[in-house]
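Heads up: the structure comes next, in structure tokens.
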DNA sequence: GGGCAAACCGCATATTCATGTGAAGCAAGT
DNA sequence: ACTTGCTTCACATGAATATGCGGTTTGCCC
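Here is the structure:
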């Protein structure tokens with residue numbers, strides 16, 4: 007018997023899902039609340055459910071923040087996001103926060119049921135459209151690595167030296183130029199990047215902002 | 007009509023899939039080869055297919071390497087991995103390389119067909135088990151970000167200040183302590199991290215090594 | 001051939017950093 | 001009660017950095 011909890015503020019949707027799931031002979035859904043806060047209160051005094059369906063847009067704490075808190079306290083709970091949002095940021099944030107699945111609200115009741123069973127057998131419920139967004143995220147993070155600043159090749163060399171933790175003198179040695187030249191390049195780099203310390207250049211570079 | 011190409015070295019499996027797909031009235035599968043190299047040769051002289059099924063373990067170039075090359079030349083081709091490997095590294099590498107879906111070889115023919123149709127409608131074919139692995143990867147990369155150095159809370163504060171590009175003085179102001187205290191903390195941080203410059207601390211931190 | 005950007009170099013100065021030595025208050029654990 | 005570790009602070013010195021000014025050479029474009 008799979009115990010299910012629901013966090014959803016729309017009463018109609020919540021009741022519908024709860025009734026449907028509770029009707030199944032391998033599931034039990036006794037807990038349906040409309041905020042993360044309520045669910046946390048509930049969990050303090052009851053056994054945690056096996057699976058939790060959670061909305062993102064909720065009164066009070068957002069569902070995404072809720073995932074983190076609930077997962078930290080009760081890591082064994084599997085959380086499925088059930089929401090209208092299909093933008094990749096929300097999907098990504100949810101999964102990083104610890105959600106095990108992500109379904110859109112137009113998902114049919116039998117599909118929700120199937121997803122929960124999926125989860126029990128080690129899968130992760132996710133519609134092909136959502137999966138696609140996740141995959142897109144992989145590719146984007148791969149491509150967006152080059153915001154192409156207008157640093158010259160030599161300036162980029164110097165930046166790399168800084169990132170490697172080298173002093174001006176060592177950078178000068180590495181490229182066989184004088185330390186004053188290094189200084190000159192660094193001045194120009196600072197101007198172009200609108201910074202004024204080694205530290206900021208290194209930070210920018212490692213954040214992929216160069 | 008969806009044009010499909012197959013790269014698979016097991017002749018039995020290849021023929022089976024090819025015949026089945028070609029039999030569908032909305033699909034055409036005329037191209038089935040047993041290596042990436044052959045497929046590249048084929049693509050030079052023919053129109054590219056819309057969707058490509060690809061194995062990982064292949065004679066010559068691996069399927070994962072093949073994805074990258076094919077996607078670079080023909081970015082419009084949607085590639086579905088069809089393989090026996092279900093370890094998260096291969097899955098992850100494939101998706102990063104540009105695959106749009108990932109199916110295990112025990113997937114039934116109708117499911118393969120469905121997956122291809124999925125792809126055409128903007129989804130990403132992925133079994134719940136595979137999706138689970140992908141999600142696990144999110145959580146792992148989240149956890150593995152903290153190789154837990156033994157920096158104290160205060161020391162971590164100071165590091166954050168450095169990463170923000172602040173000078174000692176500004177860090178002192180931010181936490182309302184004296185600049186000499188900042189120095190003291192930095193000394194300890196350097197000892198713990200085995201470095202001896204601001205630059206290295208920032209680099210380590212942004213690389214996730216703290 | 002003039003203009004221009006990039007790479008190169010030098011000198012000077014104020015600020016910031018790295019490092020040493022030393023010490024006091026406080027909380028946690030032995 | 002004693003040790004240990006974290007946080008706080010001080011004074012000092014040499015090294016490194018940030019920033020100002022100046023300059024030459026080279027290659028490219030109009």
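Residue numbers (our numbering), protein chains in the order written: chain F, 7 to 216; chain B, 7 to 216. No residue lacks a Cβ here, since even glycine has one placed at the ideal position from N, Cα and C.
Residue-level contact check: residue 162 of chain F does not touch chain B, since none of the beta carbons of chain B fall below 7 Å from its beta carbon. Under DSSP, residue 196 of chain B shares a beta bridge with no residue.
Look at the beta carbons and you see the region 192-211 of chain F touching the region 169-177 of chain B: at least three pairs across the two are nearer than 8 Å. Less than 7 Å divides the Cβ of residue 41 of chain F from the Cβ of residue 64 of chain F. Within 7 Å of the CB of residue 124 of chain B, the CB atoms of chain F belong to 134, in sequence order along the chain. Under the 10 Å beta carbon count, residue 61 of chain F is surrounded by 16 or more other beta carbons and is classified as buried. Against residue 106 of chain B, the close residues of chain F are 138, 141, in the order they occur along the chain (beta-carbon pairs closer than 8 Å). Proximity of chain F to residue 208 of chain B at the Cβ level (cut-off 8 Å) is accounted for by 205, 208, 209, 212, in chain order. Neighbourhood of residue 171 of chain F in chain B, by CB distance below 7 Å: 203, 205, 206, 209, in chain order. When DSSP states are grouped into helix, strand and coil, residue 165 of chain F belongs to the helix group. Judged by DSSP secondary structure, residue 114 of chain F falls outside any beta strand (DSSP E); it is assigned neither H nor E. Residue 107 of chain B is bridged by DSSP to B:86. Between residue 129 of chain F and chain B, the shortest Cβ-Cβ separation is below 7 Å. If you draw a straight line from the Cα of residue 89 of chain F to the Cα of residue 98 of chain B, it comes to about 26 Å. In the DSSP secondary-structure assignment, residue 76 of chain F is not bridged to any residue.
Residues of chain F whose Cβ lies closer than 9 Å to the Cβ of residue 168 of chain B are, in chain order, 205, 209.
Membership of residue 206 of chain B in the alpha helix (DSSP H) is indicated by the continuous run 204-212.
Contacts with chain B at 7 Å (Cβ-Cβ) include residue 101 of chain F. Remark: C-beta atoms of residue 165 of chain F and residue 122 of chain F do not approach each other more closely than 7 Å. Three or more Cβ pairs drawn from the region 104-124 of chain B and the region 24-37 of chain B lie within less than 8 Å of each other, which places the two stretches in contact. F:70 is the residue among F:78, F:81, F:76, F:70 whose C-alpha sits nearest the C-alpha of residue 108 of chain F. If you ignore the 5 residues before and after residue 66 of chain B, its C-beta comes within less than 7 Å of the C-beta of 41, 42, 43, all in its own chain and listed in chain order.
Residues of the same chain with a CB within less than 7 Å of the CB of residue 189 of chain B, apart from the 5 flanking positions on each side, are 174 in chain order. Straight-line measurement puts the Cα of residue 112 of chain F at about 18 Å from the Cα of residue 85 of chain F. Rounded to the nearest angstrom, the gap between the Cα atoms of residue 127 of chain F and residue 13 of chain F is 23 Å. Listed in chain order, the non-local C-beta contacts of residue 24 of chain B below 7 Å within the same chain comprise 12, 35, 38, local neighbours out to five positions each way being set aside. For residue 207 of chain F, same chain residues with a beta-carbon under 7 Å away, outside a window of 5 residues either side, are 165, 168, 195, 199, 201 in chain order. The DSSP-derived three-state label of residue 102 of chain F is helix. A residue is called buried once 16 or more other Cβ atoms fall within 10 Å of its Cβ, and residue 159 of chain B, having fewer, is exposed.
Per the DSSP secondary-structure output, residue 33 of chain F pairs in a beta bridge with F:8. Looking at the DSSP output, residue 39 of chain F bridges to F:13.
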